[in-house]
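Quick note: the sequence shown, position 156, residue 420 per the working numbering, numbers continuous. C-beta: ideal position from N, C-alpha, C; glycine also.
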Amino acid sequence: MKTLLVIDAQNDFMPSGSLAVPNGNKIVPVINSIQDRFDLVVATQDWHPKDHSSFAINQDGKSNFETIEWRGKTQVLWPEHCVQGSEGAALHPELNTTKYEAIFRKGTDKNIDSYSAFYDNNHLKPTGLNGYLKEKGASQLYFCGLASDICVYFSICDAIKEGFECFFIEDASKALDIEAFENIKTKMIAMGVHIITSASL
């Protein structure tokens, strides 16, 4: 089954949002244009409690984008974003969600960040996406969304480990750090990820 995963296409990651991905809004019409080519469409949302440990505002004396050691991992401290129930956490209003069969929420535990659509960053708590996709008979996963270098990338890493064949739709995704993403693309190719554009679907 050919499955599209739309990762975190939320208001706070758009140009006017609190954690803006450059040109993040440009992916919305591309995603809308390709959804009918898939048997299954699933989305994810960052869905953080307001007191989430990854927010710089919740770490005394720390600033946005500083790093700390947190639960055995290096943690980037982010601007407050995608707070549960907020407008910033909502999917972009122009996104056509009528074909979405499910939305998986992540980052709900205040004590651990969760970039991947499949697991938290310490791989302690699954979101349930892996079992859902396997029960649906999904084998080929096509990834798009925000941000290419963080949540999309970590989702792909976990999907590869779970045995899915993975495709990254480059023009339906945008990176927070464009330079860093060039190295990540090399890693993706080495993992066996197919990097494609919407035109080739």
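DSSP places Ser403 outside both helix and strand once states are collapsed to three, so it counts as coil. Between the C-alpha atoms of Asp276 and Arg369 there is a straight-line separation of about 15 Å. Looking at Lys438, Ala402 and Phe319, the one whose alpha-carbon comes closest to that of Val285 is Lys438. The three-state secondary structure of Ala366, taken from DSSP, is strand.
For the alpha helix (DSSP H) assignment, the uninterrupted runs of no fewer than 4 residues enclosed by the segment 269-326 are, from N- to C-terminal side, 291-298. In this structure, the CA atom of Gly409 is about 25 Å from the CA atom of Asp315. A Cβ-Cβ contact shorter than 7 Å links Ser317 with Lys374. Taking Gly288 as the centre and dropping the five residues before and after it, the same chain places the C-beta of Phe277, Met278, Pro279, Leu410 and Lys438 closer than 7 Å to its C-beta, in chain order. Taking the CA atoms as reference points, Val292 sits about 13 Å from Leu269. Under the DSSP assignment, Cys421 falls outside any beta strand (DSSP E), being part of the alpha helix (DSSP H) whose first and last residues are Tyr417 to Lys425. Counting only residues of its own chain and dropping the five nearest sequence neighbours on each side, Tyr417 has a CB closer than 6 Å to the CB of Ile448. Going by C-alpha positions, Ala423 is about 8 Å away from Phe382.
With a threshold of 16 other beta carbon atoms within 10 Å, Ser464 falls short and is exposed. Setting aside the 5 residues that flank it on each side, Lys363 is surrounded in the same chain by Gln299 and Val305, each with a C-beta closer than 6 Å to its C-beta; the list follows chain order. By the neighbour-count criterion, in which a residue is buried when 16 or more other Cβ atoms sit within 10 angstroms of its Cβ, Met455 is exposed.
The beta-bridge partner set that DSSP reports for Pro343 is empty. Counting the other CB atoms within 10 Å of its CB gives Ala436 a total of 16 or more, which places it among the buried residues.
Annotation: the continuous alpha helix (DSSP H) that includes Ala444 extends over Ile442 to Met455. Beta-carbon to beta-carbon, Trp342 and Ala320 are separated by about 7 Å, close enough to satisfy the 8 Å threshold. Residues Trp311, His312 and Pro313 of the same chain have their beta carbon placed closer than 7 Å to that of Gln348, with the five preceding and five following residues left out of the count.
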